[in-house]
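Visitor: Dumping the structure here so I can ask a few things about it.
There are 2 protein chains.
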Amino acid sequence: MKRKKKERQQLLIETLEKNPFITDEALAEMFDVSVQTIRLDRLELSIPEVRERIKHVAKERLDEIKALPLEEVIGEIIDLRLDQEAISIMDITEEHVFSRTGIARGHYLFAQANSLAVAIIDDELALTRKATIHFHRQVKAGERVVAKAIVTDSSAKQTVVEVTSKVNQEIVFHGEFMMYRSDSDTN
Amino acid sequence: MKRKKKERQQLLIETLEKNPFITDEALAEMFDVSVQTIRLDRLELSIPEVRERIKHVAKERLDEIKALPLEEVIGEIIDLRLDQEAISIMDITEEHVFSRTGIARGHYLFAQANSLAVAIIDDELALTRKATIHFHRQVKAGERVVAKAIVTDSSAKQTVVEVTSKVNQEIVFHGEFMMYRSDSDTN
DNA sequence: CCAGTCTTAGGACTAGGTACTAACATGTAG
DNA sequence: CTACATGTTAGTACCTAGTCCTAAGACTGG
Chain C
1 MKRKKKERQQ LLIETLEKNP FITDEALAEM FDVSVQTIRL DRLELSIPEV RERIKHVAKE
61 RLDEIKALPL EEVIGEIIDL RLDQEAISIM DITEEHVFSR TGIARGHYLF AQANSLAVAI
121 IDDELALTRK ATIHFHRQVK AGERVVAKAI VTDSSAKQTV VEVTSKVNQE IVFHGEFMMY
181 RSDSDTN
Chain Z
1 MKRKKKERQQ LLIETLEKNP FITDEALAEM FDVSVQTIRL DRLELSIPEV RERIKHVAKE
61 RLDEIKALPL EEVIGEIIDL RLDQEAISIM DITEEHVFSR TGIARGHYLF AQANSLAVAI
121 IDDELALTRK ATIHFHRQVK AGERVVAKAI VTDSSAKQTV VEVTSKVNQE IVFHGEFMMY
181 RSDSDTN
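For the protein sequence lines, the chains are C and Z, in the order given. Just so we're aligned, residue 1 is where the first sequence starts under UniProt numbering, counting upward by one. Just so we're aligned, residue 1 is where the second sequence starts under UniProt numbering, counting upward by one.
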């Protein structure tokens, strides 16, 4: 029976990590044990009751709201030919700009280009080693930035990706990214 | 008495918007009325009970988690001498890394450095014009990145900021940022 | 002064627990 | 086989933060 308990508790942890909103009663049904068993499990694992779990999630959110959001994958990739070419678009919103000037923060343009340079590489692991970048023109809220990446050199050691970002055909950003790939690296 | 009620209800709404975690009992004390009055107010205003309010906040957060966050001001500036030197720290967490490899995405390191280069400039408007950056070492979750920016050249036309980021004295990132400032630019 | 609004009080009930005691099943070691 | 440990289930009393409902005061304008 020992295995059963540990297994159940492991499952319990995983289940509540995915969805902290489940009551003991529902859990008891899920695992086909009594409510008391679930409570003992929670006690052993130091897992608080539903209401406390929910409160915890809610509090974390309130904290997060102060430290503002952005997308993880910056921009949306609309075309991708591995090791050749890729295109992504990013709409600049109020979140991306300096509130005083309305001009997009440089690191968002960099993030879009860098993300694209990583995405284009057909490998388990791609890392930026070096980059030379130019900001040609300011970008304002409401504008749509189209970034195009081209692999210009792909030796065994490293891959060079050139990224050009435009707003309405006008170049706003250009970067040359030296990328390392997992099958070529020592570091 | 009509004003008193409306006023209280308005205040109630505002109070709960700022902090949804307050119980009826605590509210009753705040407004110096009975708990029942608060409950009647909530009923009239269709405000759910604490536990439901908290649940709502928590659910919204779970939705947000899919569209991931990052800080607006990347890193925390701990020292700043305008046009001279500045230092910021950033703790790398799970949010900053590629889930497969645990290695921090390059644009976070860039964002920290770029933000610092912008902050160091004593001017209304500072923009990155060009940057040459090197990623010397991978940074993993749990590590603390300390970025130090130094203004190396400050002519009328442009300011050059060198940023060196370290983890435990070890250089992980270096960048040279050519910055334009508002009193020098045409664009 | 009386009606209508507002406020307060109290009782019965609920969900989702905690904390505790007690019974019982199962398995393993001596 | 007995004895003790581990695990499971059941039940009780109690808690918080409510809901829903009834009823009684308090205040105020006409």
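Idealized CB from N, CA, C, for every residue including glycine. It should be emphasised that the depicted structure is a prediction, and the values quoted were computed from it without experimental measurement.
(1) Can you tell which of Z:T128, Z:I103 and Z:T101 has the C-alpha that lies nearest to the C-alpha of F110 of chain C?
(2) Would you mind reading off the limits of the alpha helix (DSSP H) that contains V118 of chain C?
(3) Along the region 116–133 of chain Z, what residues have a CB closer than 7 Å to any CB found in chain C?
(4) Under the three-state reduction of DSSP, which class applies to D153 of chain Z: helix, strand or coil?
(5) Report the three-state DSSP secondary structure of T93 of chain Z (helix, strand or coil).
(6) Could you name the residues of chain C that residue 200 of chain Z contacts, counting a contact when the two beta carbons are closer than 7 Å?
(7) Please state whether the Cβ-Cβ distance between residue 188 of chain C and E85 of chain C is less than 8 Å.
(8) Can you name the residues of chain C whose CB is closer than 7 Å to the CB of T101 of chain Z?
(9) Any Cβ of chain Z within less than 8 Å of the Cβ of I89 of chain C?
(10) With C-beta atoms as the reference, is K140 of chain C less than 8 Å away from I92 of chain C?
(11) For Q169 of chain C, does the count of other Cβ atoms within 10 angstroms reach 16, so buried, or fall short, so exposed?
(12) When DSSP labels each residue in this structure, what does L80 of chain C get in the three-state scheme?
(13) If we ignore side chains and look at the alpha-carbon of each, how far apart do I54 of chain Z and T15 of chain Z end up?
(14) Check whether chain Z comes within 8 Å of F173 of chain C, counting only Cβ atoms and requiring the distance to be less than that.
(15) Should R181 of chain C be flagged as near chain Z, meaning a C-beta pair shorter than 8 Å?
(16) List the endpoints of the continuous beta strand (DSSP E) containing I38 of chain Z.
(17) When we look at the beta-carbon of S155 of chain C and count the other beta-carbons within 10 Å, is it buried (16 or more) or exposed?
(18) Looking only at its chain, what residues have a beta carbon closer than 8 Å to the beta carbon of L45 of chain C, apart from the 5 residues adjacent to it on each side?
(19) With DSSP as the reference, please indicate the residues paired to T164 of chain C in a beta bridge.
(20) Around the C-beta of T152 of chain C, are 16 or more other C-beta atoms found within 10 angstroms, so that it is buried, or is it exposed?
(21) Tell me the rounded alpha-carbon separation between K4 of chain Z and V33 of chain Z.
(22) Output, in chain order, the set of chain C residues within a Cβ distance shorter than 8 Å of V167 of chain Z.
(23) In the DSSP output, which residue or residues are listed as bridge partners for L12 of chain C?
(24) In the DSSP assignment, the beta strand (DSSP E) including F135 of chain C goes from what residue to what residue?
(25) Measuring only the C-alpha atoms, how far is L40 of chain C from I47 of chain C?
(26) Mark R181 of chain C as exposed unless 16 or more other C-beta atoms lie within 10 angstroms of its C-beta, in which case mark it buried.
(27) Quick check on I22 of chain Z: does DSSP put it in helix, strand or coil?
(28) Distance, Cα to Cα, K66 of chain Z vs K157 of chain Z?
(29) Mind checking T159 of chain Z: buried by the 16 CB within 10 Å criterion, or exposed?
(30) Beta-carbon separation of A149 of chain Z and V167 of chain Z under 8 Å?
(31) Less than 8 Å between CB atoms is the rule here; does I38 of chain Z satisfy it with respect to chain C?
(32) Can you list the residues of chain Z that K55 of chain C reaches, using a CB-CB cut of under 8 Å?
(33) Just to confirm my understanding: we take Q112 of chain Z, look at its own chain, exclude 5 residues before and 5 after, and list those with CB closer than 8 Å. What are they?
(34) Hey, is A26 of chain Z close to the ligand GDP, as in C-beta under 7 Å from one of its heavy atoms?
Guide: On the basis of the coordinates in this document:
(1) Z:T128
(2) G106 to I120
(3) Using a CB distance below 7 Å, the part of the region 116–133 of chain Z facing chain C consists of L125, L127, T128, R129, K130, A131, T132 and I133, ordered along the chain.
(4) strand
(5) Secondary structure at T93 of chain Z: coil, using DSSP grouped into helix, strand and coil.
(6) Chain Z is shown only over 1 to 187; residue 200 of chain Z falls outside these bounds and no answer can be derived.
(7) Residue 188 of chain C falls outside the range modelled here, since chain C spans only 1 to 187, and no answer is possible.
(8) Taking a Cβ-Cβ threshold of 7 Å, the residues of chain C close to T101 of chain Z are L125, in chain order.
(9) no
(10) yes
(11) exposed
(12) strand
(13) 14 Å
(14) no
(15) no
(16) Premise fails: I38 of chain Z lies in the alpha helix (DSSP H), V35 to L45, not in any beta strand (DSSP E).
(17) exposed
(18) Q9, L12 and I13
(19) Beta bridge pairing from DSSP links T164 of chain C with C:K148 and C:H174.
(20) exposed
(21) 11 Å
(22) Result: empty, since nearest Cβ-Cβ is about 14 Å, beyond 8 Å.
(23) None; L12 of chain C has no bridge partner.
(24) A126 to F135 is the extent of the beta strand (DSSP E) around F135 of chain C.
(25) If you take the alpha carbons of L40 of chain C and I47 of chain C, they lie about 10 Å apart.
(26) buried
(27) Note: I22 of chain Z maps to coil in three-state DSSP.
(28) With a pLDDT of only 32 at K66 of chain Z, under 50, the local geometry of the prediction cannot be trusted, and the value read off the model is given with reservation. Going by the C-alpha atoms only, they are around 43 Å apart.
(29) buried
(30) no
(31) No, I38 of chain Z does not count as interfacial toward chain C.
(32) F21, I54 and A58
(33) I74, G75, S88, M90, V145, A147 and S165
(34) For the structure depicted, the ligand GDP is absent and the ligand set is empty, with no information on it obtainable.
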